[in-house]
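Since the structure comes first, as structure tokens, the remarks are kept for the end.
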Amino acid sequence: MAVFFWVLVAFATVSCLFMAWALGANSNSPPFAPAIGANAVSTMRAAFLVGLLAAAGALAQGGAISETVGAGLISGVAITPLAASTGLLVAAGFMMFGVYSGYPVPAAFATTGAMIGVGLSLGGDPAFGTYRRIGIFWALVPPTSGGLAYVTAMVLRRDDVPDTIGIPLLAAAVGAILAHVRLGVIPHPTRNEGTLAEAVAFALGRPTVFGVDIVGIVVTLLVALVGFQVIRRRTEASVDDGIRTFLLALGGVVAFSSGGSQVGLATGPLENLYGVELGLPGIVLLALGASGILAGAWMGAPRLLQATSREYAQLGPRRSIAALVPGFIIAQLAIALGIPISFNNIVISGVIGGGLAAGSAGVSRRKIGVTVTFWLLTLATSTGIGFGLYRLFSSVLGVQ
């Protein structure tokens, strides 16, 4: 029986690596496509940067998502090695179907559905509170991402807002958010992850004025000012160079965010196995997922980057910026809340919103409807397959 347990551990680990590889090759690549389309970076260099940044994001920010996927979707039972392997097998199968069929399969929907299915098959109870929280967030993603992209694109298109002001202001907004991004390398007294603003405030004794964290506000403004000044100088010297620089920087922070928001889809099912049954620290599991994402980005991203960069080149650099800014904001919010998300859902919604700012921009209502329908079918079908496949494996092998 001990031998069979280690066989399951090995199979689950390989499944996790494969899932992480697929995420690195597919979900983490689009953020750098606009920079390639604007000739700010070559395809191979972009793939190299995507791998490093997404892997770093996975290590620094992936813990919250991994915990939700591994323990927050089902109540009353712990996910066994066989259940984890089955869930990952189902999710990876859906992703491979998407790659070969051309349908946009959202990894978050497939993984969440599969883990709910195997958890219910184990005899667990539905975590309706978690489902409600995730469902509301998922429902709000398309209008929020599309709406933010639409507003951003409209502002950048205004003649009375010159690029030397509009682009630096967006850089300032991104900088202000970066000051509050939670990172595992920054200590915090009550959480596993702290922020730059919090770290400086704690170091100075957390002084307040009328109950307001004045240090956090100052740090936020300083980081925003640095972002504004750097991009302002670039755009004043050359608008095209300024836009390319911002696209490259924006692609970097979005790729980092995508690694943090996506790695949990691969590592979450193994949370109980690695943390409880094997007694390993959480960083080991995140490092496993980060390694898979790194390998996937370096090996599989170049082809996807070349394809998607042509699509972003048609959007133009300003609408590409408008599509990526919401992606960064929503991904960081999801990480803070511990909610698994589909990064493709965010990016596609942003692209649609940015496209609508220039009229219809070739946005097909039929294509949107088909995509949304397929996403919902993915969630329902993966749940059913996860439930049935685990029952089959459990019956045939005689183990849970």
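The opening residue of the sequence shown carries number 2 in this note's numbering; numbering runs sequentially from there.
Glycine included, every Cβ here is placed at the ideal spot set by N, Cα and C.
All figures in this text were calculated on a predicted structure; none of them were measured in a lab.
Q: Can you tell me the Cβ-Cβ gap for Val91 and Ser383, rounded? I've got them flagged as a contact below 8 Å.
A: If you number the sequence shown from 1, residue 91 lands on position 90. If you number the sequence shown from 1, residue 383 lands on position 382. With 8 Å as the limit, Val91 and Ser383 qualify as a contact, their Cβ atoms being about 6 Å apart.
Q: State yes or no: is the C-beta of Gly354 within less than 7 Å of the C-beta of Ala150?
A: Residue numbering aside, residue 354 sits at position 353 when the sequence shown is read from its first letter. Residue numbering aside, residue 150 sits at position 149 when the sequence shown is read from its first letter. One thing to note: Gly354 has its Cβ within 7 Å of the Cβ of Ala150.
**Q.** Touch test, the segment 79–86 against the segment 283–290, Cβ-Cβ under 8 Å, three pairs minimum
**A.** By the C-beta criterion, the segment 79–86 is judged not to be in contact with the segment 283–290, since fewer than 3 inter-stretch pairs fall below 8 Å.
Q: Find out if the Cβ-Cβ distance for the pair Val70, Gly260 is shorter than 7 Å.
A: Working through the sequence shown from its first residue, we reach residue 70 at position 69. Working through the sequence shown from its first residue, we reach residue 260 at position 259. Taking the C-beta atoms as reference points, Gly260 is found no nearer than 7 Å to Val70.
Q | Chain-order list of residues whose beta-carbon lies under 7 Å from that of Ala93 (same chain, five-residue window excluded) | A | Counted from its first residue, the sequence shown places residue 93 at position 92. Within the same chain, Ser16, Phe19, Met20 and Ala23 come within 7 Å of Ala93 by CB-CB distance, once the 5 residues on both sides are set aside.
Q. Going by DSSP, which residues form a beta bridge with Thr209?
A. For the purposes of this step, residue 209 is taken as the residue at position 208 of the sequence shown. The partner list for Thr209 (beta bridge, DSSP) reads Asp214.
Q: Assign Pro341 to one of three DSSP states: helix, strand, or coil.
A: Taking the sequence shown and counting its residues from 1, the one referred to as residue 341 is at position 340. Pro341: coil per DSSP, three-state reduction.
Q. Quick one: what's got a C-beta closer than 7 Å to Ala59's C-beta in the same chain, skipping five residues either side?
A. Here residue 59 is taken as the residue at index 58 of the sequence shown, counted from 1. Counting only Cβ-Cβ distances below 7 Å, and skipping sequence neighbours, we find Gly260, Gly261, Val264, Leu287, Gly290, Ala291 and Ile294.
Q) From this set, Gly387, Tyr391 and Ser396, which residue's C-alpha is nearest Gly114's C-alpha? A) As a working note, residue 114 is residue 113 in the sequence shown. Among Gly387, Tyr391 and Ser396, the Cα nearest to that of Gly114 is on Gly387.
Q. What does Ile75 pair with, by DSSP beta-bridge criteria?
A. Here residue 75 is taken as the residue at index 74 of the sequence shown, counted from 1. Its beta-bridge partners are Pro127.
Q.
Taking the alpha-carbon of Leu121 as reference, which of Gly389, Leu53 and Arg159 has the nearest alpha-carbon?
A. The sequence position of residue 121 within the sequence shown is 120, counting from 1. Here the closest residue by C-alpha is Gly389.
**Q.** Between the CA atoms of Val231 and Arg245 - distance to the nearest angstrom
**A.** Walking along the sequence shown from the start, residue 245 turns up at place 244. Walking along the sequence shown from the start, residue 231 turns up at place 230. Counting only the Cα atoms, Val231 lies some 13 Å from Arg245.
Q. Counting along the chain, where does the alpha helix (DSSP H) carrying Gly402 start and finish?
A. Outside the modelled stretch of the chain, which goes from 2 to 401, sits residue 402, for which no answer is possible.
Q.
Can you look up Leu184 in the DSSP assignment and give me helix, strand or coil?
A. The count along the sequence shown starts at 1 and reaches residue 184 at position 183. Here Leu184 sits in strand by DSSP.
Q | Gly317 and Ile347 closer than 7 Å at C-beta | A | In the sequence shown, residue 317 corresponds to position 316, counting from 1. In the sequence shown, residue 347 corresponds to position 346, counting from 1. Result no, Cβ atoms of Gly317 and Ile347 do not sit closer than 7 Å.
Q.
In this structure, how does DSSP classify Gly370 when only helix, strand and coil are distinguished?
A. By one-based count along the sequence shown, residue 370 stands at place 369. Judged by DSSP in its simplified three-state form, Gly370 adopts helix.
Q.
One question on the structure: do Ala111 and Phe98 come within less than 7 Å of each other, judged by their Cβ atoms?
A. Residue mapping note: residue 111 aligns to position 110 of the sequence shown, counting from 1. Residue mapping note: residue 98 aligns to position 97 of the sequence shown, counting from 1. Taking 7 Å as the Cβ cut-off, Ala111 and Phe98 do not qualify as a contacting pair.
Q. By DSSP, does Gly280 sit in helix, in strand, or in coil?
A. Here residue 280 corresponds to residue number 279 of the sequence shown, with the count starting at 1. Of the three classes helix, strand and coil, the one that applies to Gly280 here is coil, per DSSP.
**Q.** Distance between Gly73 and Leu248 (C-alpha atoms, nearest Å)
**A.** Position 247 of the sequence shown holds residue 248. Position 72 of the sequence shown holds residue 73. If I take the Cα positions, the gap works out to 36 Å.
(Q) Suppose the cutoff is 7 Å on Cβ atoms and the five residues either side in sequence are ignored; what does the same chain contact list for His189 look like? (A) Residue numbering aside, residue 189 sits at position 188 when the sequence shown is read from its first letter. Here the set comprises Gly195 and Glu199.
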